[in-house]
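Beneath this line is the structure, given in structure tokens, with notes to follow.
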Amino acid sequence: MRPLHLSAAALLLAAAPASAGTHGTTHTTPGDIAGGGFETPAVPAPPLFATYLGGQAAGPWAAGGHSVDLTSGRLWDAAEGSQSLDLNGSTSGSVSQTLPTHPLTSYVVSFGLAGNPAWAPALKTGELRVDGVPVRTFSFDVTGHGFRNRGYARQTAVFSSLPKNSATLTFASTSPGPGGPVIDGVRVRSCPLALCPPAS
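First residue of the sequence shown: 4, per my numbering; consecutive thereafter.
Below you can see the structure in the form of structure tokens.
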């Protein structure tokens with residue numbers, strides 16, 4: 004567990020097997036996340052993916068860095084639904100979303116992690132940030148995985164923003180080149196401060 008200097012938060016990252024679930028939802032209560040399944044906007048056929056440059060909106064997410072690719076199931080399988088997000092477009096990018104939060108409440112963030120197998124390096128790396136602070140790295144080795152054998156690994160994080168009523172969640176690639184870490188099925192749920200168990 005590592006303290007966040009800007010948000011007085013703590014983050015713990017763990018891996019567990021991927022599992023299917025519901026798509027992202029709109030904000031209804033603090034901690035909700037919109038578009039966690041990356042199903043909107045839909046990538047129209049025949050393209051296999053849509054590229055969003057830093058500064059553009061990719062549905063409810065704000066793209067950052069250079070670019071990201073919203074990828075359809077015509078190219079590879081998603082962890083859930085039919086679309087996922089490659090954090091590298093032409094090179095490393097990011098996506099961010101600001102969540103409403105309650106003070107003295109912890110939040111469990113979980114997401115499916117894989118990688119783009121079409122480009123080197125085999126080890127795809129990235130960072131999960133809260134309020135712009137790099138709090139933990141994640142990685143996925145695409146060796147032995149392909150477009151239909153994705154091997155998504157479920158990642159889980161817990162953060163607490165003690166004095167604030169919002170938090171900005173960012174997934175950022177630290178891999179070079181046009182193929183990076185791939186994320187899907189992002190979910191957030193709340194629990195009492197310091198009592199959050201890892202998400203299942």
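Cβ atoms here follow ideal geometry from the backbone N, Cα and C, with glycine treated the same way.
Query raised in the report: Using DSSP with H/G/I as helix, E/B as strand and the rest coil, what is residue 53?
Result: Taking the sequence shown and counting its residues from 1, one reaches residue 53 at position 50. Three-state result, residue 53: strand.
Requested in this report: Pull up the CB-CB distance for residue 112 and residue 160, whole angstroms please, since I reckon it's below 8 Å.
Outcome: Your numbering for residue 112 matches position 109 in the sequence shown. Your numbering for residue 160 matches position 157 in the sequence shown. Correct: roughly 4 Å between the Cβ atoms.
**Report entry** Close Cβ partners of residue 151 (< 8 Å) along its chain, the five nearest in sequence each way excluded
**Finding:** Looking up residue 151 in the sequence shown gives position 148. The residues are 79 and 80.
Query raised in the report: Hey, out of 170, 37, 74 and 127, whose CA is closest to residue 105's CA?
Result: Taking the first residue of the sequence shown as position 1, residue 105 is located at position 102. The shortest C-alpha to C-alpha distance from residue 105 to any of 170, 37, 74 and 127 is the one to 170.
Query raised in the report: CA-CA distance, residue 41 and residue 100?
Result: For this step, residue 41 is matched to residue 38 along the sequence shown. For this step, residue 100 is matched to residue 97 along the sequence shown. For the pair residue 41 and residue 100, the Cα-to-Cα distance works out to about 13 Å.
Report task. Figure out for me which residue from 172, 71, 110 and 153 has the closest Cα to the Cα of residue 137. Result -> For the purposes of this step, residue 137 is taken as residue 134 along the sequence shown, with counting starting at 1. Considering only alpha carbons, the answer is 172.
Report task. Grab me the residues of residue 192's own chain with a C-beta within less than 6 Å of its C-beta, minus the 5 sequence neighbours each way, in chain order. Result -> Start at 1 with the first residue of the sequence shown, and residue 192 comes out as number 189. Result list for residue 192: 111, in chain order.
**Report entry** Exposure label - residue 91; buried when at least 16 CB within 10 Å
**Finding:** Here residue 91 corresponds to residue number 88 of the sequence shown, with the count starting at 1. Looking at its Cβ environment, which holds 16 or more other Cβ atoms inside 10 Å, residue 91 is buried.
Query raised in the report: Buried or exposed: residue 59, going by 16 or more other Cβ atoms within 10 Å of its Cβ?
Result: Against the sequence shown, residue 59 aligns to sequence position 56. Residue 59 is exposed by the Cβ-count criterion.
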